[in-house]
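In the working numbering, the protein residues as written are 2 to 145.
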C-alpha cells in the first residue's frame, strides 16, 4: 500500500511540475512563443482553424467566440495567483477589433505603456494590458 501511495504521489508531482514548465507568465515568453510560431498563427487566422494552435508547447487553451459575425480567439498561455489575485497571460485574436482606434476614442481609460496600452479600473484593482503583435493578434495580460 505504501508503495502505491508513493508512486501515486510521484505521478502527481511530475504532472504538476510539467504543467508549471509550460505555464508562460511573463510578456517576453508569450511574445517569443508568438514570434517562433508566427506562420502557424497567420495560418490559423487565414483558415479559421485555431484549434491547431493548442498543439504548440506553451499554449494551454484556445477559446473561440463568435458573436453576430464577430470572431475572436483567446489563446491562453499561462496564469498564476489565487482567487482575487489571479493573473492571466496570452494572445488574443480578432478580425474586427481595431484596438488602436478603440484606445484613441477613449484616451481617459487607456494609458500608453511601452508598446501597448493599460487600462485600470477606476473603482477596483483590475488591470488589463494589450499590445499589438500584428495580423489581428495582440499580447494580453489580465490582472484581477
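For every residue, glycine included, the Cβ atom is placed at its ideal position computed from N, Cα and C.
Answer yes or no: do residue i and residue j have a C-beta to C-beta separation smaller than 8 Å?
| i | j | result |
| --- | --- | --- |
| residue 55 | residue 47 | no |
| residue 143 | residue 89 | yes |
| residue 25 | residue 82 | no |
| residue 117 | residue 131 | yes |
If you draw a straight line from the alpha carbon of residue i to that of residue j, how long is it in whole angstroms?
| i | j | result |
| --- | --- | --- |
| residue 72 | residue 141 | 17 Å |
| residue 125 | residue 87 | 14 Å |
| residue 22 | residue 58 | Caution is warranted here: a pLDDT of 47 is assigned to residue 22, below 50, making its placement in the model unreliable, and the coordinate value is therefore given only provisionally. Using only the alpha carbons, I get a separation of about 10 Å. |
| residue 60 | residue 93 | 12 Å |
| residue 136 | residue 95 | 9 Å |
| residue 112 | residue 139 | 16 Å |
At what residues does the beta strand (DSSP E) containing residue i begin and finish?
| i | result |
| --- | --- |
| residue 138 | 138-144 |
Indicate the three-state DSSP secondary structure (helix, strand or coil) for residue i in the structure shown.
| i | result |
| --- | --- |
| residue 63 | strand |
| residue 48 | helix |
| residue 22 | Confidence in residue 22 is poor, its pLDDT being 47 and thus under 50, which makes the residue's placement too unreliable to answer from. |
| residue 17 | Interpretation of residue 17 is limited by its pLDDT of 41, a score under 50 that renders its predicted location unreliable; no figure is taken from the coordinates. |
Could you tell me the boundaries of the alpha helix (DSSP H) in which residue i lies?
| i | result |
| --- | --- |
| residue 54 | Careful: residue 54 lies outside any alpha helix (DSSP H) and carries neither H nor E. |
| residue 27 | Residue 27 -> no alpha helix (DSSP H), and no H or E assigned at all. |
query: Considering only residues of the segment 69-136, which uninterrupted beta strand (DSSP E) runs meet the minimum length of 3 residues and lie entirely inside it, listed in chain order?
result: 71-83, 86-95, 111-114, 117-121, 128-135
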